[in-house]
Amino acid sequence: MAPAFEYAPAPESRAIVDIAPSYGLFIDGEFTEAADGKVFKTVSPSTEEVLSEVAEAGEADVDRAVKAARKAFEKWSALPGSERAKYLFRIARIIQERSRELAVLETLDNGKPIKETRDADLPLVAAHFFYYAGWADKLGHAGFGANPQPLGVAGQVIPWNFPLLMLAWKIAPALATGNTVVLKPAETTPLSALFFADICRQAGLPKGVVNIVTGDGRTGAALIAHPDVNKVAFTGSTAVGKEIARTVAGTRKKLTLELGGKGANIVFDDAPIDQAVEGIVGGIFFNQGQVCCAGSRLLVQESIHDELLDSLKRRLSTLRLGDPLDKNTDIGAINSAEQLARITALADQGEAEGAERWSPACELPSTGYWFAPTLFTNVTQAHTVARDEIFGPVLSVLTFRTPDEAVAKANNTPYGLSAGIWTEKGSRILAVANKLRAGVVWSNTFNKFDPTSPFGGYKESGFGREGGRHGLEAYLDV
Amino acid sequence: MSDARLSVFKTYKLYVGGKFPRSESGRVYEVTDSKGKWLANAPLSSRKDARDAVVAARKAFGAWSGATAYNRGQILYRIAEMLEGRRDQYVAEVADAEGLSKSKASLQVDAAIDRWVWYAGWTDKIAQVVGGGNPVAGPFFNLSSPEPTGVVAVLAPQESSFLGLVSVVAPVIATGNTAVVIASEKSPLPALSLGEVLATSDLPGGVVNVLSGRTAEIAAPLAAHQDVNAIDLAGADEALAKELEIAAADNLKRVLRPQPVDDWSATPGTERLTAFLETKTVWHPTGSLGASGSSY
Chain F
1 MAPAFEYAPA
11 PESRAIVDIA
21 PSYGLFIDGE
31 FTEAADGKVF
41 KTVSPSTEEV
51 LSEVAEAGEA
61 DVDRAVKAAR
71 KAFEKWSALP
81 GSERAKYLFR
91 IARIIQERSR
101 ELAVLETLDN
111 GKPIKETRDA
121 DLPLVAAHFF
131 YYAGWADKLG
141 HAGFGANPQP
151 LGVAGQVIPW
161 NFPLLMLAWK
171 IAPALATGNT
181 VVLKPAETTP
191 LSALFFADIC
201 RQAGLPKGVV
211 NIVTGDGRTG
221 AALIAHPDVN
231 KVAFTGSTAV
241 GKEIARTVAG
251 TRKKLTLELG
261 GKGANIVFDD
271 APIDQAVEGI
281 VGGIFFNQGQ
291 VCCAGSRLLV
301 QESIHDELLD
311 SLKRRLSTLR
321 LGDPLDKNTD
331 IGAINSAEQL
341 ARITALADQG
351 EAEGAERWSP
361 ACELPSTGYW
371 FAPTLFTNVT
381 QAHTVARDEI
391 FGPVLSVLTF
401 RTPDEAVAKA
411 NNTPYGLSAG
421 IWTEKGSRIL
431 AVANKLRAGV
441 VWSNTFNKFD
451 PTSPFGGYKE
461 SGFGREGGRH
471 GLEAYLDV
Chain X
1 MSDARLSVFK
11 TYKLYVGGKF
21 PRSESGRVYE
31 VTDSKGKWLA
41 NAPLSSRKDA
51 RDAVVAARKA
61 FGAWSGATAY
71 NRGQILYRIA
81 EMLEGRRDQY
91 VAEVADAEGL
101 SKSKASLQVD
111 AAIDRWVWYA
121 GWTDKIAQVV
131 GGGNPVAGPF
141 FNLSSPEPTG
151 VVAVLAPQES
161 SFLGLVSVVA
171 PVIATGNTAV
181 VIASEKSPLP
191 ALSLGEVLAT
201 SDLPGGVVNV
211 LSGRTAEIAA
221 PLAAHQDVNA
231 IDLAGADEAL
241 AKELEIAAAD
251 NLKRVLRPQP
261 VDDWSATPGT
271 ERLTAFLETK
281 TVWHPTGSLG
291 ASGSSY
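For the protein sequence lines, the chains are F and X, in the order given.
According to full-length UniProt numbering, the first sequence is numbered sequentially starting from 1.
According to full-length UniProt numbering, the second sequence is numbered sequentially starting from 1.
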């Protein structure tokens with residue numbers, strides 16, 4: 001379909017961000033080099049341009065960070081909750097003030113469209129700090145006893161798909177409850193966490209309360225295994241989550257895991273098709289599908305399969321893929337060459353196994369990591385693309401005839417993070433929602449997030465909840 | 001007393017899927033009282049018994065988790081009623097098993113009966129305590145509700161053969177989970193007898209399955225079982241607990257680590273209820289009633 005009219009480029013200015021040529025580790029309130037002087041580069045996934053060089057923390061650096069956090073814990077946990085709250089309110093406000101800068105930075109380092117960092121990531125980051133700030137002096141009313149205590153030092157490892165938002169999900173509740181933290185951002189997206197360190201400085205946060213150690217999986221493993229860490233929180237892949245669960249076995253470390261998913265988006269024959277199509281598109285192509293709760297399996301009632309697919313394909317043809325800083329861009333870059341290779345391999349496998357592959361006509365930029373929005377039809381439950389988490393802009397379409405069949409297929413996965421239901425019939429929504437084994441069920445909507453709303457999985461999607469009153473439990477000795 | 005009637009011994013059997021099978025292995029082991037006197041031969045359960053129990057527990061999960069909370073409360077209360085009627089039997093068994101005087105054993109049994117009553121009352125309250133609406137910043141109805149985790153393997157406490165057992169089993173099933181329970185290794189008889197009460201309390205078969213034998217031998221396949229969703233390690237020592245927690249990571253079972261309990265008769269909190277609950281959050285747009293935005 002020819003576009004109705006052409007768009008002129010509308011890039012957001014990157015002049016608002018001043019990225020230094022190199023960054024150290026943020027330990028005990030100071031930026032320092034790694035003990036062994038190791039560094040690694042972080043690139044812009046849309047251009048492969050090197051953005052900065054970042055210190056790679058080894059075991060000695062992790063140990064130094066944990067010691068700093070331990071030292072800071074005594075005073076931080078003894079502060080009146082109302083004082084901790086004010087630090088968090090300050091942080092929330094500074095994030096709001098600097099949100100355009102952080103949005104551009106995040107888009108540069110992650111590759112996701114500015115539309116998303118500006119309208120989704122950053123507002124949620126600020127809201128999350130604002131929400132948990134308010135809990136800091138009200139913990140005795142949260143249902144965890146009259147005077148619930150913090151755990152101590154939290155070791156937190158976060159992924160690259162929502163770098164600053166995942167930082168907020170981890171740090172805000174940890175600090176509100178009186179813990180101190182050592183956080184390891186993802187190897188490919190370290191910059192926003194380092195900018196957050198500067199926000200901590202501006203907020204006057206006592207040194208050692210927040211420590212940021214950059215590095216790869218080895219840095220994360222050292223943090224999780226550190227004997228003086230009391231709490232481990234991880235968001236990432238199910239395979240790594242299982243390894244972490246084995247590592248903390250037999251210790252007293254409290255563990256929460258937010259892992260992978262293979263969310264089913266179920267569309268019944270009475271669903272409003274146009275709204276459902278918007279939900280399906282948002283469900284799998286938001287953030288290039290690099291979302292643990294993505295609706296990566298579309299379950300369509302057989303009678304409307306053709307009609308829905310026509311609408312969906314028409315809509316996909318209007319998505320704009322390209323420069324993530326362009327305000328009109330819908331689909332940005334894949335985060336890394338490694339992730340692109342994984343998506344490519346799984347999509348190729350889908351084709352090899354006999355599923356039918358379709359993508360809209362779509363020109364991919366010549367540099368950077370790109371993958372066109374992709375649909376697979378004629379997919380059965382045995383296909384790899386219907387079972388494995390692809391973590392990319394790839395949607396597998398399956399069909400069903402009865403609500404029971406939809407539920408059975410939706411639940412036929414070791415994961416249990418998210419699901420969607422599209423129907424105009426209220427009782428059917430409630431009946432189906434009731435039977436889905438998933439931590440978040442979006443009905444007639446998808447991919448909605450809020451600091452007050454607990455988020456987390458069933459089964460192999462992990463355990464524990466982030467957000468809301470529930471999110472406090474992970475950081476309290478209860 | 002030469003005119004004394006010769007008593008009829010009870011054959012202690014497992015309780016699986018609402019039935020009372022022997023171990024498929026045909027094995028038994030000798031159970032003695034605290035002075036070493038023979039009490040009974042208990043089934044020495046095998047890995048296969050453990051797997052059969054998981055199948056039974058999974059089969060029972062749909063109906064039990066789908067039952068109304070009120071109904072589950074009624075059934076848990078019924079268990080207390082049935083126990084009360086057979087109180088003397090359990091007092092004698094607990095006294096033998098734990099080497100307690102009759103009066104001390106009575107306290108244990110009374111506390112166990114009362115524990116069923118406590119949890120019977122929780123079934124239809126826990127959702128209001130731990131769930132609720134979330135005030136999201138947008139036009140959405142948003143509700144978080146607790147749901148049972150699924151099939152829970154329970155290693156009952158080793159020392160407190162009856163009160164400890166009831167204290168770990170009741171909270172698991174109160175919320176709609178089903179359980180595979182490994183009785184105290186040394187003192188399994190009160191647990192095996194509990195099956196007789198459960199079988200006559202309207203509790204659907206398979207909701208609670210009781211195995212006796214070597215804790216480590218039965219627990220290993222349960223901890224590694226892909227269709228078990230959670231494990232309570234109350235009856236494991238430190239080394240076994242670590243080993244089982246590692247095995248449990250394979251399908252990310254929820255693990256309740258063993259904690260020292262001085263006094264099982266103390267009023268429990270809600271921790272054993274919430275340890276085996278998931279939180280499901282359902283969103284729906286609230287829509288709008290037109291330009292005025294008012295329904296009044």
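Even glycine gets a Cβ: it sits at the ideal position worked out from N, Cα and C.
Computed from a prediction, not measured in an experiment: that's the story for all the values here.
{"Asked": "Chain X within 9 Å of I429 (chain F), Cβ atoms only", "Found": "yes"}
{"Asked": "Which of helix, strand or coil DSSP assigns to Y132 (chain F)", "Found": "helix"}
{"Asked": "Min CB distance A249 (chain X) to chain F below 9 Å", "Found": "yes"}
{"Asked": "For E147 (chain X), the three-state DSSP class (helix, strand or coil)", "Found": "strand"}
{"Asked": "DSSP bridge partner residues for N209 (chain X) (one or two, in chain order)", "Found": "X:V180"}
{"Asked": "Residue burial classification, L6 (chain X) (beta-carbon count within 10 angstroms, cutoff 16)", "Found": "exposed"}
{"Asked": "Neighbour flag for E97 (chain F) against chain X, beta carbons, 9 Å", "Found": "no"}
{"Asked": "Where the beta strand (DSSP E) containing T219 (chain F) begins and where it ends", "Found": "No beta strand (DSSP E) contains T219 (chain F), which is instead part of the alpha helix (DSSP H) from G217 to A225."}
{"Asked": "Inter-residue Cα distance where the pair is G220 (chain F) and T384 (chain F)", "Found": "29 Å"}
{"Asked": "DSSP-derived helix/strand/coil call for W64 (chain X)", "Found": "helix"}
{"Asked": "Between the CA atoms of K59 (chain X) and L39 (chain X) - distance to the nearest angstrom", "Found": "34 Å"}
{"Asked": "Assigned secondary structure, P260 (chain X) (DSSP; H/G/I helix, E/B strand, else coil)", "Found": "coil"}
{"Asked": "Cut-off 8 Å between Cβ atoms - residues of its own chain near A241 (chain X), not counting five sequence neighbours on either side", "Found": "L233, R257 and P258"}
{"Asked": "Minimum C-alpha distance to A386 (chain F) - residue among F:G178, F:G143, F:G295 and F:K459", "Found": "F:G295"}
{"Asked": "Under the three-state DSSP convention, the category Y296 (chain X) falls into", "Found": "Bear in mind that a pLDDT of 47 at Y296 (chain X), under 50, signals an unreliable position, so the number given afterwards is only what the model happens to contain. Three-state result, Y296 (chain X): coil."}
{"Asked": "Closer than 8 Å: V207 (chain X) CB and nearest the ligand HEM heavy atom", "Found": "Absent from the structure shown: the ligand HEM. Ligands present: none."}
{"Asked": "Buried/exposed call for G195 (chain X), threshold 16 Cβ in 10 Å", "Found": "buried"}
{"Asked": "C-beta contact flag for A193 (chain F) and L167 (chain F) at 9 Å", "Found": "yes"}
{"Asked": "Test: V228 (chain X) CB closer than 9 Å to a CB of chain F", "Found": "no"}
{"Asked": "Straight-line gap, S237 (chain F) to K35 (chain X) (C-alpha atoms, nearest Å)", "Found": "54 Å"}
{"Asked": "F195 (chain F), DSSP secondary structure in three states", "Found": "helix"}
{"Asked": "is_contact[L472 (chain F), chain X] using C-beta, thresh 9 Å", "Found": "no"}
{"Asked": "Option in X:G287, X:W64 and X:D114 with minimal Cα separation from L83 (chain X)", "Found": "X:D114"}
{"Asked": "E344 (chain F): first and last residue of the uninterrupted alpha helix (DSSP H) it sits in", "Found": "The sequence as given places Thr at residue 344 (chain F); Glu does not occur at that position. Taken as a continuous stretch (DSSP letters only), the alpha helix (DSSP H) holding T344 (chain F) covers A337 to A352."}
{"Asked": "Cβ neighbour criterion (16 or more within 10 Å) applied to T11 (chain X)", "Found": "exposed"}
{"Asked": "Simplified DSSP assignment, three categories, for R98 (chain F)", "Found": "coil"}
{"Asked": "Within chain X, the residues that K448 (chain F) reaches when beta carbons sit closer than 8 Å", "Found": "V136, G138, F140 and W283"}
{"Asked": "Reduced DSSP category for E93 (chain X) - H, G, I as helix; E, B as strand; rest coil", "Found": "helix"}
{"Asked": "Own chain, CB closer than 6 Å to residue 503 (chain F), minus 5 neighbours either side, in chain order", "Found": "There is simply no residue 503 (chain F) to check, as chain F begins at 1 and stops at 478 in what is shown."}
{"Asked": "Cutoff 9 Å: V154 (chain X) Cβ touching any chain F Cβ", "Found": "no"}
{"Asked": "Q275 (chain F), DSSP secondary structure in three states", "Found": "helix"}
{"Asked": "Candidates F:K41, F:S366, F:A361 and F:I266, of which the one nearest W422 (chain F) by Cα", "Found": "F:I266"}
{"Asked": "Buried or exposed by the 16-neighbour rule on C-beta atoms within 10 Å, applied to residue 558 (chain F)", "Found": "Absent from the structure is residue 558 (chain F), since the part of chain F shown begins at 1 and ends at 478."}
{"Asked": "is_contact[V216 (chain X), chain F] using C-beta, thresh 9 Å", "Found": "In the sequence as presented, Val is not what sits at residue 216 (chain X); that position holds Ala. Judged by the 9 Å Cβ criterion, A216 (chain X) is not in contact with chain F."}
{"Asked": "Listed by chain order, chain X residues near R465 (chain F) by CB distance under 7 Å", "Found": "T279"}
{"Asked": "Among F:F40, F:A146, F:T374 and F:K75, the one whose alpha carbon lies nearest that of P360 (chain F)", "Found": "F:T374"}
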